[in-house]
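Residue numbers for the sequence shown follow UniProt numbering, beginning at 1 and rising by one. Glycine included, C-beta positions come from ideal geometry on N, C-alpha and C. Source: prediction; values computed, not measured. For reference, the structure discussed in these notes is given below.
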Amino acid sequence: MGIERLVADQSAPEDLRALQETAEIVASVCTGTAVLAVAGILDGHTATSNKKAFDWVRSFGPNVDWKPQARWVTELEVRTDPHDDPFAIVSPQT
Numbered sequence: 001m002g003i004e005r006l007v008a009d010q011s012a013p014e015d016l017r018a019l020q021e022t023a024e025i026v027a028s029v030c031t032g033t034a035v036l037a038v039a040g041i042l043d044g045h046t047a048t049s050n051k052k053a054f055d056w057v058r059s060f061g062p063n064v065d066w067k068p069q070a071r072w073v074t075e076l077e078v079r080t081d082p083h084d085d086p087f088a089i090v091s092p093q094t
């Protein structure tokens, strides 16, 4: 999994937190949710992730309200999507 290197990167969480300060929306697809969890961006929020790697991703966010059955989660300016579905991010469904 290529995401494993990014999760282990010490600078990635700090960079993401800095980007979040000016971003209109923060989004992830598939296992990218793990990076948001490591950065603490999902702490206190609801999120979902790839179903096949769900337990692995969830291990990075003990303070996240994980929804394993959710198709996607949008909470405030953070959106998590378990699928590689960028169109759902740029054109969110209600």
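Taken through DSSP and simplified to helix, strand or coil, THR33 comes out as helix.
Under the DSSP assignment, GLU75 falls outside any alpha helix (DSSP H), being part of the beta strand (DSSP E) whose first and last residues are 73–75. The bridge partners DSSP lists for VAL78 are VAL26, GLU75. Taking C-alpha positions only, ALA53 is separated from ILE25 by approximately 24 Å. Of the candidates SER49, ALA37, THR48, the residue whose Cα lies closest to the Cα of PRO62 is ALA37.
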